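Enquirer: 390 is the number that the numbering used here gives the last residue of the sequence shown; the numbers go up by one with no jumps.
Glycine included, each C-beta is placed from N, C-alpha and C at the ideal position.
The model shown is predicted, which means the values in this text are computed figures rather than measured ones.
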Amino acid sequence: MEPRHLEIAQDLMEDIDQGRYAPGAPLPTEDRLMELYGTSRNTVRRAMQELTNRGRIDIKQGSGSTVRRYRPTTHLASSAEGEADDERYAAYVRRMRTEQGIEPNQRLRVIVEAAGPPVADLLELGPGEEDRYVVIRRCDRYLAGRLWQRQLSYYPRRLALDSDKGAELMTPEDIQRGTRTLLAEMGYPQTRSWDVVGAKMPSLKDSTLFGIGPGIPLIVHDRLAYSGGEPIRFTKTLMPADRHQLMYFEGEMTPDQLRAGTDLNIYDH
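(1) For the structure I just gave you, are there three or more beta carbon pairs, one from the segment 333 to 340 and one from the segment 258 to 266, closer than 8 Å?
(2) Using the C-alpha atoms, what's the distance from residue 187 back to residue 290?
(3) If you follow the beta strand (DSSP E) that residue 344 is in, where does it begin and where does it stop?
(4) Closest to residue 314 by CA distance: which of 287, 347, 152 is it?
(5) Let me confirm a value: residue 307 is counted as buried when at least 16 other C-beta atoms fall within 10 Å, else exposed. Which label applies?
(6) Run through the segment 241 to 299 for me and flag every whole beta strand (DSSP E) of 3 or more residues, listed as ranges in chain order.
(7) Given a cut-off of 8 Å on the beta-carbon distance, is the pair residue 227 and residue 360 in contact?
(8) Compute the beta-carbon to beta-carbon distance between residue 364 and residue 193, rounded to the nearest angstrom, for a pair I have assumed lies under 8 Å.
(9) Please go through the same chain and pick out, in chain order, the residues whose beta-carbon is closer than 6 Å to the beta-carbon of residue 123, but skip the five residues on each side of it.
(10) For the pair the segment 320 to 335 and the segment 277 to 296, tell me if three or more CB-CB distances fall below 8 Å.
(11) Mind pulling the beta strand (DSSP E) runs of 3 or more residues that sit fully within the segment 148 to 206?
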């Protein structure tokens, strides 16, 4: 037989899923839940903690419990023709300004270092010490002062040294036309790529870095891009699962069709 607090938590989750309690709405008080379920305060508190651990509610001392409200960023995981902003971040910025009056921002940092075994193997870097150096473009995106997403793009250092345009990879500034376009201008058009997407529970460091609450996994999106048969970029994107959703598409899409997918919130249905 399932423990009583889990039965109560399951009942409340079904109520949330069926819309009886909308995002941002308060849940019944502890006293009311004790009355409804004929149980102790301790059992009710364990049930509410279970909902908190599963990321379904927020509890504030003195204010009670409310259904967690989600407004995730849509991470565009497919490349769109003419779209430099693969993650649709610019569209997200516009939406946050309009809907919430919040100004997201991002910070770029460029690091040059020897690649560790996984990245060196993926980029097929040579055995020599100089051959194993990579340029890392780290982009941290913030919303209301909280780290929202971290993206790390690794490029073989020889690409940055290969032409005058390659120097742009070394500059900690946003490349407005997109690094894919820049690589094509350098003679490395992207011809194929693969993606691996998974989820893992965050380390204590990640939980602190992103401000991740209990029960929230970290989405990890890895992409390796090739020019012909040569790997030219490995990108790792780290995203708390309660703030992001991934969008893939097939075929040609109009801007309006992309916008429809971008604006969809999986927590609304």
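Expert: Let me lay it out:
(1) No, because fewer than three Cβ pairs between the segment 333 to 340 and the segment 258 to 266 fall closer than 8 Å, the two stretches do not touch.
(2) Taking the sequence shown and counting its residues from 1, the one referred to as residue 290 is at position 169. Taking the sequence shown and counting its residues from 1, the one referred to as residue 187 is at position 66. Going from the Cα of residue 290 to the Cα of residue 187 covers about 45 Å.
(3) Indexing the sequence shown from 1 puts residue 344 at position 223. In this chain, the beta strand (DSSP E) harbouring residue 344 covers 339 to 348.
(4) Along the sequence shown, one-based indexing puts residue 314 at 193. Residue 347 is the option with its Cα nearest to residue 314.
(5) By 1-based counting over the sequence shown, the position of residue 307 is 186. Result: buried.
(6) Here the runs fully enclosed are 254 to 264, 267 to 277.
(7) Taking the first residue of the sequence shown as 1, we reach residue 227 at position 106. Taking the first residue of the sequence shown as 1, we reach residue 360 at position 239. Not a contact, by the Cβ cut-off of 8 Å.
(8) Start at 1 with the first residue of the sequence shown, and residue 364 comes out as number 243. Start at 1 with the first residue of the sequence shown, and residue 193 comes out as number 72. Confirmed, about 5 Å.
(9) Position 2 of the sequence shown holds residue 123. No residues qualify anywhere along the chain.
(10) Here the segment 320 to 335 makes no contact with the segment 277 to 296; the two share fewer than three CB pairs at distances below 8 Å.
(11) Runs of beta strand (DSSP E) with 3 or more residues, each lying fully within the segment 148 to 206, are found at 178 to 181, 185 to 188, 194 to 197, listed in chain order.
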